[in-house]
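Quick note: the sequence shown uses the numbering used here, first residue 2, plus one each step.
Backbone N, C-alpha and C fix where the C-beta goes; we use that ideal spot for every residue, glycine too.
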Amino acid sequence: MKKKILAGLLVVASLLMLLAGCGNNSAETPEKRKAAGNINIGISQDLDESLDPHFTVAAGTREVLFNVFEGLVKPNAAGELVPAVASDVTVADDGLTYTFTLRQGVKFHNGNPVTLQDVLFSINRNVQGTDGTPLIASLGSVSDVKGEGNTVTITLSEANPEFLASMTLAIIPEDYDAQGTAPIGTGPYKFVSRAAQDSVVLERFKDYWGTPGTMNTVTYKVLENVEGLILGLQSGALDLVAHLSPTQTAQLNTADFHVVEGTMNLVQALYLNNAVEPFTDVRVRQALCYAIDKQEVIDMAFDGYGHPLGSSMYPAFTKYYDESLTDYYTKDIDKAKSLLAEAGYPNGFDMTITVPSNYQPHVDTAQVLAELLKEIGVNATILPVEWATWLSDTYSGRQFQSTVIGFDASEMTARAMLGRYYSQAHNNFNNYNNAEYDELFLQATSCFDDAQQTQLYRAMERNLTENAANVYLQDMADLVAVRNGLEGPTFYPLYVLDVSSLHWTK
2 MKKKILAGLL VVASLLMLLA GCGNNSAETP EKRKAAGNIN IGISQDLDES
52 LDPHFTVAAG TREVLFNVFE GLVKPNAAGE LVPAVASDVT VADDGLTYTF
102 TLRQGVKFHN GNPVTLQDVL FSINRNVQGT DGTPLIASLG SVSDVKGEGN
152 TVTITLSEAN PEFLASMTLA IIPEDYDAQG TAPIGTGPYK FVSRAAQDSV
202 VLERFKDYWG TPGTMNTVTY KVLENVEGLI LGLQSGALDL VAHLSPTQTA
252 QLNTADFHVV EGTMNLVQAL YLNNAVEPFT DVRVRQALCY AIDKQEVIDM
302 AFDGYGHPLG SSMYPAFTKY YDESLTDYYT KDIDKAKSLL AEAGYPNGFD
352 MTITVPSNYQ PHVDTAQVLA ELLKEIGVNA TILPVEWATW LSDTYSGRQF
402 QSTVIGFDAS EMTARAMLGR YYSQAHNNFN NYNNAEYDEL FLQATSCFDD
452 AQQTQLYRAM ERNLTENAAN VYLQDMADLV AVRNGLEGPT FYPLYVLDVS
502 SLHWTK
């Protein structure tokens with residue numbers, strides 16, 4: 002009883018903080034926000050400590066900064082790469098030379114024009130890994146970057162069909178050193194302010210080169226307490242919240258809200274630390290796969306919403322996605338128990354599932370998995386942790402047995418999804434180490450024939466499935482609660498929310 006009372010008090014406290022807020026439009030009614038052309042969006046995690054786009058880690062941070070930054074090219078809702086800071090792109094017949102013509106009249110949010118030097122700085126900062134900037138994998142084949150007049154020429158040491166996607170890399174000013182705290186980009190919205198653990202405020206950039214957004218101010222309110230997000234919607238403090246579960250959306254009054262459904266374009270799984278017992282044994286990992294019916298998880302935790310997956314790729318990646326892997330493991334309790342016995346665990350074992358507490362869908366999934374694993378004698382204890390702790394200890398520190406999370410592609414490339422399982426990858430947080438996989442990866446990333454590269458990536462997916470690198474579950478449904486009178490949520494084949502498409506109806 003005390004726990005329930007405390008939880009209720011925390012929700013009320015969160016709501017009071019939301020209503021008090023620090024943004025100019027935080028305490029306004031929806032009607033006033035509509036009249037002013039403003040919107041409040043609820044998010045379940047704070048952004049990365051640094052807002053420098055070349056250092057971002059969390060998908061939730063990229064989701065917000067998508068509206069602030071642009072590269073030479075950028076993705077559209079169809080998943081196509083279209084010109085952005087560059088107005089034109091040409092590729093030499095041999096696939097080694099890319100020439101970008103810079104768009105005239107593009108300005109940074111501080112009013113300064115984008116120059117050739119800014120573009121060269123942004124690219125070279127990542128090609129050379131200066132300032133500790135993480136090296137974008139597909140930039141490894143860059144041998145030369147030159148600029149003259151209004152063109153940038155990039156020469157590769159070997160052809161790379163995935164290279165153009167890396168040019169979504171944010172263009173930032175060369176002579177600006179506060180990017181981490183007060184970021185400046187070229188996107189349709191500019192950064193105004195941030196209050197840690199509370200809010201991020203963006204404002205429409207009136208000098209944007211392209212089609213401007215319609216919202217004057219966009220305020221993201223950070224509410225890591227899931228109940229707080231729903232109460233924020235119901236109270237009128239929030240206008241839109243994405244990534245909700247069916248249970249959450251069912252609590253909303255349909256007279257005030259409608260729900261838009263898409264997919265999150267990520268791979269949710271029970272990620273296993275392959276370097277920690279008992280998951281060093283492939284038979285144990287396979288046993289867990291045989292113990293879980295993906296559709297059963299989707300039905301129990303998400304009322305049937307979601308697309309079951311069998312490897313580290315989701316359907317939006319079309320040619321790379323292998324639907325046949327979805328049913329590679331069908332639920333077979335006897336097979337699972339037999340594998341555990343072979344591995345020396347005839348009576349099962351105890352394990353811990355670490356889960357970020359601010360993501361209710363992942364918490365719900367972990368709870369269902371814990372129940373299902375009891376059938377094979379595996380006793381799973383759920384360990385909820387704060388998001389910052391998950392990032393530092395679980396992801397960066399690799400201090401975990403298993404975790405439920407979802408991974409997307411920071412670039413729209415198969416490499417972005419599959420490169421994390423290369424044994425030497427800096428982001429191989431679950432310590433997958435397979436010689437055959439490494440060889441396939443090296444072949445795929447040095448291959449310039451698109452069809453052949455596609456087959457290599459599909460072979461990598463099969464390798465992950467056969468060796469049960471993780472217990473793959475689903476591409477989660479993305480249920481977005483939208484206040485009536487607000488229109489325009491657009492789903493991308495990436496984990497982003499394009500606020501420039503949002504608008505209030507008259």
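Suppose the cutoff is 8 angstroms on Cβ atoms and the five residues either side in sequence are ignored; what does the same chain contact list for residue i look like?
i    : result
Q252 : I231 and Q235
P213 : P189, R205, F206, K207 and S501
V386 : T355, V356, P357, S358, D394 and T395
N254 : Q235
Kindly indicate which three-state DSSP category residue i falls into: helix, strand or coil?
i    : result
Y396 : helix
D479 : strand
V261 : strand
D409 : coil
S312 : coil
R205 : strand
Q444 : helix
Between the alpha carbons of residue i and residue j, how many angstroms are there, rounded?
i    : j    : result
Y346 : A276 : 18 angstroms
L498 : E440 : 36 angstroms
D47  : V201 : 9 angstroms
W505 : N217 : 11 angstroms
A166 : L82  : 7 angstroms
V69  : Q287 : 43 angstroms
A342 : D351 : 15 angstroms
K375 : I354 : 14 angstroms
Q118 : Y291 : 55 angstroms
F442 : G112 : 43 angstroms
G108 : R195 : Note that residue 108 corresponds to Lys in the displayed sequence, not to Gly. Each residue's alpha carbon lies about 22 angstroms from the other.
T446 : S424 : 14 angstroms
A367 : G43  : 23 angstroms
G24  : A37  : Since pLDDT at G24 reaches only 44, below the 50 mark, its modelled position is unreliable, and no value is offered.
K332 : G420 : 29 angstroms
T220 : D335 : 52 angstroms
V339 : R284 : It is worth fixing the name first, because residue 339 is Ser in this sequence and not Val. Distance between the alpha carbons of S339 and R284: 9 angstroms.
V481 : A302 : 17 angstroms
Going by C-alpha to C-alpha distance, which of the options sits closest to residue i?
i    : options                   : result
A381 : L392, V364, E387 and R463 : V364
G186 : D304, T169 and T355       : T169
D145 : H427, S358, I172 and L97  : L97
E324 : S424, H308, D333 and D300 : H308
A470 : T281, A197 and L241       : T281
N464 : G211, N41 and Y329        : Y329
A436 : M461, H110 and D208       : M461
V379 : T395, S393 and N348       : N348
A79  : A196, A317, I334 and N434 : A317
A243 : V369, P362, A389 and S397 : P362
V90  : T154, S403 and W388       : T154
L157 : V143, G148, N151 and G150 : V143
W388 : V58, E29 and S447         : V58
Y360 : K33, A60 and Y433         : A60
G148 : P162, D450 and S123       : S123
Along the chain, where does the alpha helix (DSSP H) containing residue i start, and where does it finish?
i    : result
P31  : P31 to A37
R286 : V283 to A292
L370 : Q361 to L374
F164 : F164 to S167
F122 : L117 to V128
R463 : D451 to E467
K295 : K295 to F303
Identify, in the order they occur along the chain, each residue of the same chain with its Cβ nearer than 7 angstroms to the Cβ of residue i, setting aside the five sequence neighbours on each side.
i    : result
A87  : L73, V74, F101, T102, L103 and R104
L495 : P76, N266, D409, A410 and M413
L310 : V268, T327, Y473, L474, Q475 and D476
R484 : P31, D240, L241, D257 and F258
D304 : P247
A452 : none
Y321 : M314, A415, T455, Y458 and R459
First and last residue of the beta strand (DSSP E) that includes residue i?
i    : result
N380 : N380 to V386
S45  : Here S45 belongs to no beta strand (DSSP E), and DSSP marks it neither H nor E.
A243 : L241 to L245
S502 : Where S502 is concerned, there is no enclosing beta strand (DSSP E), given that its DSSP letter is neither H nor E.
G148 : V143 to E149
S88  : A87 to V92
R63  : Looking at the DSSP string, R63 is not in any beta strand (DSSP E); the run it does join, the alpha helix (DSSP H), is A60 to L66.
A510 : Within the shown structure, residues of the chain are numbered from 2 to 507, placing residue 510 beyond reach of any answer.
T57  : Looking at the DSSP string, T57 is not in any beta strand (DSSP E), and its letter there is neither H nor E.
T154 : T152 to L157
L224 : Counting along the chain, L224 falls outside any beta strand (DSSP E), and DSSP gives it neither H nor E.
Counting only the same chain and skipping the five closest in sequence on each side, list residues whose C-beta sits under 6 angstroms from that of residue i.
i    : result
F492 : G263
Y306 : P247 and A478
G489 : S502, L503 and H504
Distance cutoff 9 angstroms, beta carbons only. Does residue i sit that close to anything in chain D?
i    : result
N226 : Absent here is chain D; the protein component of the structure consists of one chain.
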